[in-house]
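**Q** In our numbering, the protein residues as written are 16 to 118. Where a beta carbon is used, it is the ideal one built from N, C-alpha and C, also for glycine. Following this message is one structure expressed as structure tokens.
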């Protein structure tokens, strides 16, 4: 029931496509989290005295664009680029970055 509603909402026709999309989300989340840690350390320094909340906010700011780019990359590799392009477009529009997609 839940998967059926999700397929309708996303405009997906097959269960295989849904599984591929879940795989892409999983790979993207893992890789972006793996990359964002060291990148955050490079940006703020290894021995930074910053509060943990500020460090977390900086990591989230680093993680967000990495995640979006990786979604498009892995979506392309798994032949789901159109789906993830629309997904990223919708997300960035909600963040106020819709001007990036005006044609």
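Among residues of its own chain, excluding the 5 on either side of residue 90, which ones have a beta-carbon nearer than 6 Å to its beta-carbon?
**A** Looking up residue 90 in the chain shown gives position 75. The residues are 39, 96 and 99.
**Q** How many angstroms separate the CA atom of residue 115 from the CA atom of residue 83?
**A** The residue labelled residue 115 in the question sits at position 100 within the chain shown. The residue labelled residue 83 in the question sits at position 68 within the chain shown. Each residue's alpha carbon lies about 13 Å from the other.
**Q** Per DSSP, what kind of secondary structure is residue 27 in: helix, strand or coil?
**A** Taking the first residue of the chain shown as position 1, residue 27 is located at position 12. In this structure, residue 27 counts as coil in the three-state DSSP scheme.
**Q** What are the boundary residues of the alpha helix (DSSP H) that residue 115 is part of?
**A** Residue numbering aside, residue 115 sits at position 100 when the chain shown is read from its first letter. Counting along the chain, residue 115 falls outside any alpha helix (DSSP H), and DSSP gives it neither H nor E.
**Q** Is the beta carbon of residue 46 sitting closer than 7 Å to the one on residue 93?
**A** As a working note, residue 46 is residue 31 in the chain shown. As a working note, residue 93 is residue 78 in the chain shown. In this structure, residue 93 does not lie closer than 7 Å to residue 46 by Cβ.
**Q** For residue 83, which of helix, strand or coil comes out of DSSP?
**A** Locating residue 83 in the chain shown gives position 68, counting from the first residue. In this structure, residue 83 counts as helix in the three-state DSSP scheme.
**Q** Expressed to the nearest angstrom, what Euclidean distance is found between the alpha-carbon atoms of residue 71 and residue 110?
**A** Mapped onto the chain shown, residue 71 falls at position 56. Mapped onto the chain shown, residue 110 falls at position 95. Taking the straight line joining both Cα atoms gives about 19 Å.
**Q** Would you grab the beta carbon distance between residue 86 and residue 55 for me? Rounded to a whole angstrom, and I think it's under 8 Å.
**A** Counted from its first residue, the chain shown places residue 86 at position 71. Counted from its first residue, the chain shown places residue 55 at position 40. That pair is no contact at about 19 Å.
**Q** Looking at residue 81: is its Cβ nearer than 7 Å to the Cβ of residue 50?
**A** Position 66 of the chain shown, counting from 1, holds the residue named residue 81. Position 35 of the chain shown, counting from 1, holds the residue named residue 50. Yes, they are a contact pair.
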